[in-house]
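There are 2 protein chains.
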Amino acid sequence: MSNRSRILRLSRYKNAALRLKSLNFLKVFSDNLADATGVTASQVRKDFSIFSISGNRRGGYQIEELLTQLNRVLGKDKLQKFILVGVGNLGRALINYQGFAKSEIKIVAGFDTDPAKFNRKADTLILPMDELAGFIKTNEVELAILTVPEFNAQEAFDKLKAAGIKGILNFAPTRLKSDDKVIVHNLNLETEFENLIYFVNTKTLPSD
Amino acid sequence: MSNRSRILRLSRYKNAALRLKSLNFLKVFSDNLADATGVTASQVRKDFSIFSISGNRRGGYQIEELLTQLNRVLGKDKLQKFILVGVGNLGRALINYQGFAKSEIKIVAGFDTDPAKFNRKADTLILPMDELAGFIKTNEVELAILTVPEFNAQEAFDKLKAAGIKGILNFAPTRLKSDDKVIVHNLNLETEFENLIYFVNTKTLPSD
DNA sequence: GTAAATTTGTGAATAAAATCACATAATTTT
DNA sequence: AAAATTATGTGATTTTATTCACAAATTTAC
């Protein structure tokens, strides 16, 4: 078993554990993680149970050990290289985003069709689309971020797929479909905004 | 009943319907919407049923009428004004994001503590935090986007809450909690990346 | 060293969400 | 205008996810 929201929760537990670690905590209880992430304690324990993450009865979880186990499940025990296609406002923001600094996530290059954006001297190279397939092969990149306008999304997707990319985080406002070859995670900003608007307008509390 | 994923699906149906409308389609079937959004046809109909959105037996849904009903539910029948706090890379990208152009979402001002960022002449004003509360009152803004670094998130949240903001889309890597006064929708980019990494590493298809 | 206290881990129970399946309504065909 | 066809709409069923509740393990107190 392994659905999306369960994995999202594991990430949150990890973030909560990291925060506690930075405050010099050595151990943490399911109760603490539940408070920090807004779920129930038994949910935390059930999630751990499903991924064979274990602690000590009465002693809680050793934070260091817990983080190791969570990072193992989440694949964060090794560097994850991403390329980014579409160096517009959002693309550039993601390339410069500081939030990944401590994590094992790295955007290794950006690609665009606009020559004005190419840059072979920057910290993160910005290259023409022609070099996409070659770069992916040479650098053994499996993951991509798609931040192109709606109209170009399908074409860019096809190129990424042809070049052997295995996973795509799609910010373009077009829903792309996962298949055996490529896993797509669609993240539509307008949809997220609309969701908030709905809950504010109806004054119901979202139940996630 | 009204959980987050059901509302997210309604947004997707709406986007699919919009796309079909732009191709001059006049009607659409639950089957079409299902294909376009990656769910089952009965899911589409069940979602509609729950929000009393109805079509014509044998005739499907009139797109124009369907959009009206969806926009009513999603609160997109009127302009939704947002302010944005934290004009960094991501904040600026959202301010300049073109994807909202056709929608009823508008970012009316940005706020920051850094005087270098203030701009009273730009299309979207960038103002000092001191003016936050006043602006919110004068312009009757209920919604906010939070794109500050982790360390400043709680303080900014408190100010927004005190100023009467009703809903926050939080991009800061700190989980803020919803309550009766403010609904928070947390959107943690690192978590989204990790989620993709997990499914690529384990080669399982996400079941959302 | 025994008893009391506390927290995990997980089957069992409950709740929630998705799918099925079919009666009902509308349209098209003949 | 009757019969055949095609979609919706929704109770019933199934599946999935969450919570409950308690035995097992460990720690602390006496």
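Residue numbers (the working numbering), protein chains in the order written: chain A, 13 to 220; chain B, 13 to 220.
Glycine residues also receive a C-beta, built at the ideal position from the N, C-alpha and C atoms.
How would you list, in chain order, the residues of chain A whose beta-carbon sits under 7 Å from the beta-carbon of residue i?
| i | result |
| --- | --- |
| residue 16 of chain B | 207, 218, 219 and 220 |
| residue 19 of chain B | 207 and 210 |
So residue i contacts chain B; which residues on that side make the cut at Cβ distance below 9 Å?
| i | result |
| --- | --- |
| residue 195 of chain A | 208, 211, 212, 215, 216, 217 and 218 |
| residue 187 of chain A | 24, 27, 28, 48, 49 and 50 |
| residue 87 of chain A | 206, 209, 210, 212, 213 and 214 |
| residue 175 of chain A | In chain order: nothing, as chain B lies at least about 15 Å away. |
Could you tell me which chain A residues have their CB closer than 9 Å to the CB of residue i, listed as they occur along the chain?
| i | result |
| --- | --- |
| residue 108 of chain B | 100, 101 and 102 |
| residue 112 of chain B | 201, 202 and 205 |
| residue 12 of chain B | Absent from the structure is residue 12 of chain B, since the part of chain B shown begins at 13 and ends at 220. |
| residue 155 of chain B | 205, 208, 209 and 212 |
Just to confirm the assignment, what range does the alpha helix (DSSP H) spanning residue i have?
| i | result |
| --- | --- |
| residue 81 of chain B | 75–86 |
| residue 146 of chain A | 144–151 |
| residue 103 of chain A | 101–108 |
| residue 170 of chain B | 165–174 |
| residue 23 of chain B | 16–34 |
DSSP three-state label for residue i, please.
| i | result |
| --- | --- |
| residue 199 of chain B | coil |
| residue 228 of chain B | Coverage of chain B is limited to positions 13 through 220, which leaves residue 228 of chain B absent and any answer about it impossible. |
| residue 156 of chain B | strand |
| residue 123 of chain B | strand |
| residue 94 of chain B | strand |
| residue 188 of chain B | coil |
| residue 68 of chain B | strand |
| residue 131 of chain A | strand |
| residue 58 of chain B | helix |
| residue 118 of chain A | strand |
| residue 113 of chain B | coil |
| residue 214 of chain A | helix |
| residue 49 of chain A | helix |
Residue i versus chain B: which residues are under 7 Å apart at the beta carbon?
| i | result |
| --- | --- |
| residue 115 of chain A | 202 |
Let me check understanding here. Comparing Cα to Cα, which of the options lies closest to residue i?
| i | options | result |
| --- | --- | --- |
| residue 173 of chain B | B/50, B/20 and B/196 | B/196 |
| residue 179 of chain B | A/178, A/71 and A/212 | A/212 |
| residue 215 of chain A | B/154, B/216 and B/199 | B/154 |
| residue 46 of chain B | B/36, B/35, B/181 and B/58 | B/58 |
| residue 48 of chain B | B/23, B/116 and B/66 | B/23 |
| residue 99 of chain B | B/16, B/175, B/164 and B/75 | B/164 |
| residue 42 of chain B | B/35, B/34, B/86 and B/71 | B/71 |
| residue 69 of chain A | A/40, A/55 and A/141 | A/40 |
| residue 103 of chain B | B/218, B/113, B/18 and B/122 | B/122 |
| residue 176 of chain A | A/17, A/159, A/144 and A/138 | A/144 |
| residue 184 of chain A | B/37, B/112, B/101 and B/117 | B/112 |
| residue 97 of chain A | A/166, A/87, A/115 and A/209 | A/166 |
| residue 125 of chain B | B/118, B/87 and B/171 | B/171 |
| residue 118 of chain B | B/52, B/137, B/37 and B/128 | B/137 |
| residue 63 of chain B | B/51, B/86, B/210 and B/120 | B/86 |
| residue 140 of chain A | A/168, A/162 and A/115 | A/168 |
| residue 78 of chain A | A/199, A/50, A/52 and A/37 | A/37 |
| residue 56 of chain A | A/142, A/210 and A/17 | A/17 |
| residue 162 of chain B | B/114, B/150 and B/199 | B/199 |
| residue 21 of chain A | A/52, A/35 and A/34 | A/52 |
What does residue i reach in chain B if we use C-beta pairs closer than 8 Å?
| i | result |
| --- | --- |
| residue 92 of chain A | 205 and 209 |
| residue 181 of chain A | 204, 205 and 208 |
| residue 53 of chain A | Result: empty, since nearest Cβ-Cβ is about 16 Å, beyond 8 Å. |
For the beta strand (DSSP E) that residue i lies in, which residues bound it at each end?
| i | result |
| --- | --- |
| residue 182 of chain B | 179–182 |
| residue 140 of chain B | 137–140 |
Which chain A residues are close to residue i, counting only those with a beta carbon under 8 Å from its beta carbon?
| i | result |
| --- | --- |
| residue 178 of chain B | 212 |
| residue 121 of chain B | What residue 121 of chain B touches in chain A: nothing, since even the nearest Cβ is about 16 Å away. |
Are at least three pairs of beta-carbons, each pair with one atom in the segment 187–197 of chain A and one in the segment 107–121 of chain A, less than 8 Å apart? no
For the structure I just gave you, are there three or more beta carbon pairs, one from the segment 91–102 of chain B and one from the segment 140–157 of chain B, closer than 8 Å? yes
Within the chosen definition, does the segment 28–48 of chain B reach the segment 74–83 of chain B through at least 3 CB pairs nearer than 8 Å? yes
Any 3 or more C-beta pairs closer than 8 Å across the segment 198–205 of chain A and the segment 123–142 of chain A: no
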